[in-house]
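Chains as they are written, first to last, in numbering that gives the first Met the number 0: chain A, 0 to 306; chain B, 0 to 257. Okay, so here's the structure we're looking at.
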Amino acid sequence: MTTTTRTRRRSRVDQQQRRTAVWMVSPALVVMFLVAVVPIGYAIWLSLNVYSVRQAGLSQFVGLTNYWNALTSPEWWEAFRQTFFFAIVSVFLEVVLGVAMALLLNMAFRGRGLLRSTLLVPYAVLTVVSAITWQAMFESNLGLVTGLLRALGLPGGEHVWLAEPGYAMAVIIVADVWKTAPFVALLVLAGLQVIPPDVYEAADLDGASRWQTFWRVTLPLLRPAIALAAIFRLLDALRIFDLPYVLTKGANGTETMSMLAYQELREGRLIGPGSALSILTFATVMVVSLVYIRFAGGNIRDVAKEN
Amino acid sequence: MLASLVPFYWLVNTSLKTGAELSSGSLFPTQPSLQNYVDVLQDGEFLVALRNSVIVGVVTTTLAMVLASFAAYALARLALPRKGLILAAVLSVTTFPVIAIAAPMFKIWSDLGIYDTLLGLIIPKLTFALPMAIFVLTSFFREIPFELEESALIDGASPFQAFYKVILPLAVPGMATTAILVFISVWNEFLLAVTLTSTPSARTVPAAIAFFAGTNEFDQPIGSISAASVIVTLPLLVLVLVFQKRIVAGLTSGAIKG
Chain A
0 MTTTTRTRRR SRVDQQQRRT AVWMVSPALV VMFLVAVVPI GYAIWLSLNV
50 YSVRQAGLSQ FVGLTNYWNA LTSPEWWEAF RQTFFFAIVS VFLEVVLGVA
100 MALLLNMAFR GRGLLRSTLL VPYAVLTVVS AITWQAMFES NLGLVTGLLR
150 ALGLPGGEHV WLAEPGYAMA VIIVADVWKT APFVALLVLA GLQVIPPDVY
200 EAADLDGASR WQTFWRVTLP LLRPAIALAA IFRLLDALRI FDLPYVLTKG
250 ANGTETMSML AYQELREGRL IGPGSALSIL TFATVMVVSL VYIRFAGGNI
300 RDVAKEN
Chain B
0 MLASLVPFYW LVNTSLKTGA ELSSGSLFPT QPSLQNYVDV LQDGEFLVAL
50 RNSVIVGVVT TTLAMVLASF AAYALARLAL PRKGLILAAV LSVTTFPVIA
100 IAAPMFKIWS DLGIYDTLLG LIIPKLTFAL PMAIFVLTSF FREIPFELEE
150 SALIDGASPF QAFYKVILPL AVPGMATTAI LVFISVWNEF LLAVTLTSTP
200 SARTVPAAIA FFAGTNEFDQ PIGSISAASV IVTLPLLVLV LVFQKRIVAG
250 LTSGAIKG
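Following this line, the structure appears as structure tokens:
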């Protein structure tokens with residue numbers, strides 16, 4: 000076979016392969032386009048109108064009025080603030096706890112497998128169920144946490160947690176951290192396990208203390224895994240809906256952006272203003288992820304490339 | 000470890016208490032009773048929700064696995080132009096807040112007459128399940144040695160034949176793991192479940208439990224709610240613990256290699 004026929008044959012195979020590839024990837028992309036991208040476009044259109052479910056057919060184009068109303072309302076900015084407060088505090092706690100758990104799991108000791116299994120327990124529990132569980136734990140008279148706090152004479156035992164601003168948010172944060180810190184731990188553990196052992200030997204030879212080794216060697220090498228876990232968690236936290244929905248219905252200073260949009264849509268039956276709020280939520284999440292990728296993206300791309 | 004288990008213990012503890020004991024904060028039930036479980040299982044609405052969840056979970060997972068395995072195979076092993084761009088587009092779907100889809104979906108589904116039906120739930124849930132399935136499967140497919148399918152191609156198999164005759168059988172463990180991950184996330188999904196249903200006939204378990212819990216703040220049937228919660232958690236718990244190693248692999252590879 001001459002080189003030219005071989006190339007020709009090669010390119011024919013490539014072409015066939017490419018056709019198959021396009022054909023195979025298309026159905027999934029079409030579904031995602033139709034059910035994710037098209038509705039977003041439609042939501043933008045809806046947000047420019049006032050439309051009433053109660054009075055069918057009553058629809059009026061109002062331009063950016065819904066956005067103007069949302070952005071000048073204290074409710075939106077309150078929800079914005081609550082959501083960011085929740086996201087920053089819970090993601091911070093999840094990352095710190097996750098890294099600690101991963102370091103612990105990376106050590107060789109008996110019962111490590113068992114410990115790793117228990118990490119997965121919160122993952123198997125429905126978020127709604129975890130909300131109900133934590134509600135029971137913080138129940139003012141009978142809850143385990145409140146009871147313990149009282150028994151130990153610590154502050155907090157006398158509070159009706161879910162009925163007080165600040166305390167209600169704390170319960171939501173605890174429930175979220177409980178459910179997802181193990182996920183961060185697993186990602187960080189995977190990152191830990193690919194660190195070559197000779198790095199530690201070198202640090203050991205140089206006489207670094209364990210603390211120094213952690214700060215100067217382990218942590219920098221873990222940064223990509225941590226950055227990735229943090230962005231996943233941050234995106235989820237900014238969209239938080241189910242925990243406040245079950246725990247407080249958005250009362251007592253726990254109204255998040257998604258909650259506010261939902262309430263406007265569902266309970267107020269106002270599709271236009273509700274859509275404007277959901278598009279604002281969408282835009283906020285997008286901006287945060289773009290900013291994050293701009294600053295931490297290099298790390299994430301490195302991880303993606305390595306694999 | 001305690002922190003992971005204690006809340007779940009408290010749930011089981013509450014579910015085994017009856018009547019007067021529910022209003023005491025005791026650490027274990029003095030007279031454990033399955034009455035709450037009996038009550039819940041005799042409650043027609045809960046059973047309907049359970050059935051809905053199973054149908055939605057199984058159908059969505061099956062469809063997602065078929066579509067995602069095609070897409071993942073093309074992305075992992077075939078010469079597809081603009082792979083990076085496609086993967087980025089797929090990943091960006093996971094960043095969409097479900098609430099932004101909920102409003103238009105509510106309206107479109109009402110117009111099409113599939114609001115408050117299982118089909119109306121399956122379609123959007125499939126959309127959000129696909130990116131995850133594609134990422135996890137792509138990373139599993141990449142780990143299969145290339146020689147196998149090359150020799151199949153040289154023997155004259157088409158790329159699609161190579162996919163289902165060579166790769167799919169080898170990918171069974173990875174497919175199973177992905178299916179479990181997808182099933183759990185579909186089972187857990189809440190916002191679509193409450194925005195796209197209005198009656199118990201199409202409500203899935205998370206929505207049913209939330210409505211259960213929210214009917215009356217002062218008279219919550221906490222015993223039944225706990226029993227219902229345990230019932231829907233135990234099967235998943237068993238699944239997750241049995242497939243523990245693979246699930247960790249799936250969670251981490253999907254995330255990191257994405």
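Idealized CB from N, CA, C, for every residue including glycine.
Taking 8 angstroms as the CB-CB cut-off, is residue 215(B) touching chain A?
Confidence is the limiting factor: at residue 215(B) the pLDDT is only 48, short of 50, which leaves the residue's position unreliable and the question unanswerable from this model.
Quick one: is residue 168(A) near chain B, going by C-beta distance under 8 angstroms?
no
Is there a Cβ of chain B sitting closer than 8 angstroms to that of residue 219(A), yes or no?
no
Does DSSP put residue 60(A) in a helix, a strand or coil?
strand
To the nearest angstrom, how far is the alpha carbon of residue 173(B) from that of residue 40(B)?
35 angstroms
Determine the DSSP secondary structure at residue 55(B), reduced to helix, strand or coil.
helix
C-alpha distance - residue 23(A) paired with residue 83(B), whole-angstrom precision
16 angstroms
Measuring alpha carbon to alpha carbon, tell me which residue in 235(B), 204(B) and 42(B) is nearest residue 117(B).
204(B)
Quick check: the Cα distance between residue 286(A) and residue 234(A), rounded to an integer number of angstroms?
11 angstroms
Under a Cβ-count criterion, where at least 16 other Cβ atoms within 10 Å of its own Cβ denotes burial, should residue 216(B) be classed as buried or exposed?
Bear in mind that a pLDDT of 49 at residue 216(B), under 50, signals an unreliable position, so the model cannot answer this.
Quick check: is the beta carbon of residue 27(A) nearer than 8 angstroms to any beta carbon in chain B?
yes
Do we get a CB-CB distance below 8 angstroms when we pair residue 280(A) with the residues of chain B?
yes
Closest Cβ-Cβ distance between residue 120(B) and chain A: below 8 angstroms?
no
Would you please verify whether the beta carbon of residue 104(A) is less than 8 angstroms from any beta carbon of chain B?
no
Can you pull the chain A residues whose beta carbon is under 8 angstroms from the beta carbon of residue 182(B), in chain order?
Chain A residues near residue 182(B): none, gap ~11 angstroms exceeds 8 angstroms.
Counting beta carbon pairs with one atom in the segment 187-207 of chain B and one in the segment 99-118 of chain B, are three or more of them shorter than 8 angstroms?
yes
Could you compute how far the alpha carbon of residue 230(B) sits from the alpha carbon of residue 246(A)?
20 angstroms
Quick one: does the C-beta of residue 270(A) sit closer than 7 angstroms to a heavy atom of the ligand PLP?
Summarising the ligand content, the structure contains no ligands, and the ligand PLP is consequently not present.
DSSP three-state call for residue 269(A): helix, strand or coil?
strand
What residue range does the alpha helix (DSSP H) around residue 312(A) cover?
Because residue 312(A) is not part of the residues shown, which for chain A are 0 to 306, the question remains open.
Report the rounded CA-to-CA distance for residue 191(A) versus residue 105(A), giving the unit in angstroms.
7 angstroms
Near-chain B residues of the segment 30-42 of chain A - C-beta to any C-beta below 7 angstroms:
30, 31, 34, 35, 38, 39, 41 and 42
Neighbour flag for residue 87(A) against chain B, beta carbons, 8 angstroms
no
For residue 251(A), does the three-state DSSP call read helix, strand or coil?
coil
Tell me, please, whether the CB atom of residue 241(A) is closer than 8 angstroms to any CB atom in chain B?
yes
Here's the rule I'm using: 16 or more other beta-carbon atoms within 10 Å means buried, otherwise exposed. How should residue 273(A) be labelled?
buried
is_contact[residue 121(A), chain B] using C-beta, thresh 8 angstroms:
yes
Which first and last residues belong to the alpha helix (DSSP H) in which residue 41(A) is found?
37-46
Since residue 4(B) and residue 185(A) should fall inside the 8 angstroms C-beta cutoff, what is the C-beta to C-beta distance between them, to a whole number of angstroms?
Not a contact, Cβ separation roughly 17 angstroms.
If you follow the alpha helix (DSSP H) that residue 241(A) is in, where does it begin and where does it stop?
241-246
Would residue 69(B) count as contacting chain A if we go by Cβ distances under 8 angstroms?
yes
Opening and closing residue of the alpha helix (DSSP H) in which residue 150(B) lies
145-153
Indicate the three-state DSSP secondary structure (helix, strand or coil) for residue 257(B) in the structure shown.
With a pLDDT of only 36 at residue 257(B), under 50, the local geometry of the prediction cannot be trusted, and the value read off the model is given with reservation. The answer is coil: DSSP assigns residue 257(B) none of H, G, I, E or B.
At the level of alpha carbons, what is the spacing between residue 277(A) and residue 33(B)?
43 angstroms
For residue 58(B), collect the residues of the same chain with a Cβ closer than 7 angstroms to its Cβ; drop the 5 residues on either side in sequence, then sort them by chain order.
121
Counting C-beta neighbours from all protein chains within 10 Å, is the total for residue 30(B) 16 or more, i.e. buried, or is it exposed?
exposed
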